[in-house]
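Following: one structure in structure tokens, then a few remarks.
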């Protein structure tokens with residue numbers, strides 16, 4: 116009886132057979148080439164950047180009274196600015212505060228790539244970090260700029 120049981124486990128049993136067999140010759144020589152990732156070049160990066168401009172916002176340039184932000188923005192340490200003269204004056208007046216806090220400068224409105232590059236150069240030389248940001252993440256929360264978001268508070 117034991118021999119019969121071991122014999123059953125050693126033999127193969129076909130439970131189901133679906134479809135027909137395909138000759139292996141159809142697969143031989145069909146090497147799939149790995150697609151190479153596109154190499155970035157100065158031209159491709161520049162063209163990609165140019166497509167982002169002008170960057171606009173629904174926010175208004177204006178005065179903001181201090182207020183507390185919702186929980187999802189409590190940890191931000193960021194200033195929201197544009198390339199407009201009033202926003203740049205605000206940036207200049209608040210430079211020391213921004214530098215000492217390590218705030219990221221988020222550019223939410225800029226007309227051209229050249230304006231962005233010029234502002235990026237100036238801000239970087241001043242020891243700050245500039246980032247392009249779609250301000251729609253703040254819709255319903257922050258309505259005006261320039262502002263500093265820090266320690267859960269929005270101030271001007």
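Residue numbers (our numbering): 116 to 271.
For every residue, glycine included, the Cβ atom is placed at its ideal position computed from N, Cα and C.
Since this is a predicted model, take the numbers as computed values, not measurements.
Exposure of residue i, with buried meaning 16 or more beta-carbon neighbours within 10 Å
{"i": "residue 181", "result": "exposed"}
{"i": "residue 155", "result": "exposed"}
Same chain, Cβ closer than 7 Å to residue i, neighbours up to 5 away in sequence not counted
{"i": "residue 59", "result": "Missing from the structure shown is residue 59; the chain here goes from 116 to 271 and no further."}
{"i": "residue 233", "result": "none"}
{"i": "residue 119", "result": "Note that residue 119 has pLDDT 49, beneath the 50 cutoff, so the model's placement of it is unreliable and the number below is only indicative. Nothing meets the Cβ criterion."}
{"i": "residue 116", "result": "Note that residue 116 has pLDDT 46, beneath the 50 cutoff, so the model's placement of it is unreliable and the number below is only indicative. Result list for residue 116: empty, nothing under 7 Å."}
Top-ranked residue by Cα proximity to residue i, from the options
{"i": "residue 251", "options": "175, 160, 144", "result": "175"}
{"i": "residue 177", "options": "160, 196, 161", "result": "196"}
{"i": "residue 226", "options": "153, 269, 166", "result": "166"}
{"i": "residue 222", "options": "208, 190, 239, 247", "result": "247"}
Inter-residue spacing [alpha-carbon to alpha-carbon] between residue i and residue j
{"i": "residue 192", "j": "residue 143", "result": "58 Å"}
{"i": "residue 140", "j": "residue 151", "result": "28 Å"}
{"i": "residue 121", "j": "residue 135", "result": "Note on residue 121: pLDDT 49, under 50, position unreliable in the model; no value is reported."}
{"i": "residue 265", "j": "residue 211", "result": "14 Å"}
{"i": "residue 224", "j": "residue 231", "result": "10 Å"}
{"i": "residue 249", "j": "residue 198", "result": "14 Å"}
{"i": "residue 159", "j": "residue 138", "result": "45 Å"}
{"i": "residue 235", "j": "residue 157", "result": "17 Å"}
Own chain residues within Cβ distance below 6 Å of residue i, not counting five before or after
{"i": "residue 271", "result": "179, 262"}
Close-in-space but distant-in-sequence residues of the same chain around residue i (CB under 8 Å, 5 per side omitted)
{"i": "residue 194", "result": "206, 209, 213, 218, 219, 220, 221, 261, 262, 263, 264"}
{"i": "residue 184", "result": "191, 256, 257, 264, 267, 268, 269"}
Residue-chain proximity (residue i, chain D), Cβ-Cβ < 8 Å
{"i": "residue 255", "result": "The structure shown contains no chain D; it is built from a single protein chain."}
Are the stretch 162 to 171 and the stretch 261 to 268 in contact at 8 Å, needing three or more beta carbon pairs? no
Cβ contact check for the stretch 249 to 258 and the stretch 201 to 209: 3 or more pairs under 8 Å: no
At least 3 beta-carbon pairs within less than 8 Å: the stretch 237 to 248 vs the stretch 211 to 229: yes
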